[in-house]
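Under full-length UniProt numbering, the first residue of the sequence shown is numbered 1, with each subsequent residue one higher. Beta carbons: idealized from backbone N, C-alpha and C, even for Gly.
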Amino acid sequence: MATSTSQMSGGLTAKDLDAEEVNVTSAVLMGAAHHYGKYCEGPNETFMECRTASKDPRKCLAEGREVTCCALEFFRAVKGSCNEVFTAHWTCLDENNQSFKACKKTRKAFDACMEKTNGSSDSSAADPAAS
């Protein structure tokens, strides 16, 4: 029986791949994308720079883990401060075939909450409902 520290191909161990997952639906991801992108901009850019430079995803596991940790931190912060309005927003997206146009009111409420509680202004983000 293999242990969690047994080696895999490429010198990796199971522990190298161990990370808590961001277990959310596509509606949740889409509903939060504009704020998540700002919140986790640094770790995401670092990861993409690593991936582009190395051409080997195994060399960017630490950076990928930082992206995941940032996403988990972001969703925990949203849950702690804007859960009700965010749930209304992603539920609207889920029930309306992920149409941003149908969910302008819920997005506006979510954006207002994020700005008030997390200082995350969304005034510069493109309006996906406009397309």
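**Reduced DSSP category for Thr25 - H, G, I as helix; E, B as strand; rest coil** = Your numbering for residue 25 matches position 25 in the sequence shown. In this structure, Thr25 counts as coil in the three-state DSSP scheme.
**DSSP bridge partner residues for Thr52 (one or two, in chain order)** = Along the sequence shown, read from residue 1 onward, the residue named residue 52 stands at position 52. Its beta-bridge partners do not exist; DSSP assigns none.
**Message:** Taking the straight line between their C-alpha atoms, what separation do you get for Tyr36 and Ser81?
**Reply:** The residue given as residue 36 occupies position 36 in the sequence shown. The residue given as residue 81 occupies position 81 in the sequence shown. Distance between the alpha carbons of Tyr36 and Ser81: 14 Å.
**Asked** For the alpha helix (DSSP H) that Cys103 lies in, which residues bound it at each end?
**Response** For the purposes of this step, residue 103 is identified with residue 103 of the sequence shown, where counting begins at 1. Judged by DSSP secondary structure, Cys103 falls outside any alpha helix (DSSP H); it is assigned neither H nor E.
**Prompt:** Are at least three pairs of beta-carbons, each pair with one atom in the region 26-45 and one in the region 83-102, less than 8 Å apart?
**Reply:** Segments in contact, yes.
**Prompt:** CB Val22 to CB Pro43, shorter than 8 Å?
**Reply:** Counting from one through the sequence shown, the residue named residue 22 turns up at place 22. Counting from one through the sequence shown, the residue named residue 43 turns up at place 43. No; because the gap between Cβ atoms is not below 8 Å, this pair is not in contact.
**Asked** Taking 7 Å as the cut-off, does the CB of Gly119 come closer than this to any heavy atom belonging to the ligand COA?
**Response** Annotation note on the ligand COA: not contained in the displayed structure, which lists no ligands.
**Item:** CB of Gly64 within 8 Å of CB of Phe47, strictly
**Value:** As a first step, residue 64 must be located in the sequence shown, where it is residue number 64. As a first step, residue 47 must be located in the sequence shown, where it is residue number 47. Cβ distance < 8 Å, so Gly64 and Phe47 count as in contact.
**Message:** With distance defined between alpha-carbon atoms, name the residue in Ala62, Cys40, Glu49, Lys55 nearest to Lys15.
**Reply:** Position 15 of the sequence shown, counted from the first residue, corresponds to residue 15. The shortest C-alpha separation from Lys15 is found at Ala62.
**Buried/exposed call for Gln7, threshold 16 Cβ in 10 Å** = As a working mapping, residue 7 is identified with position 7 in the sequence shown. Model confidence at Gln7 stands at a pLDDT of 49, short of 50, so the residue's coordinates are unreliable; what they give is reported in the following sentence. In this structure Gln7 is exposed. Its beta-carbon is surrounded by fewer than 16 other beta-carbon atoms within 10 angstroms.
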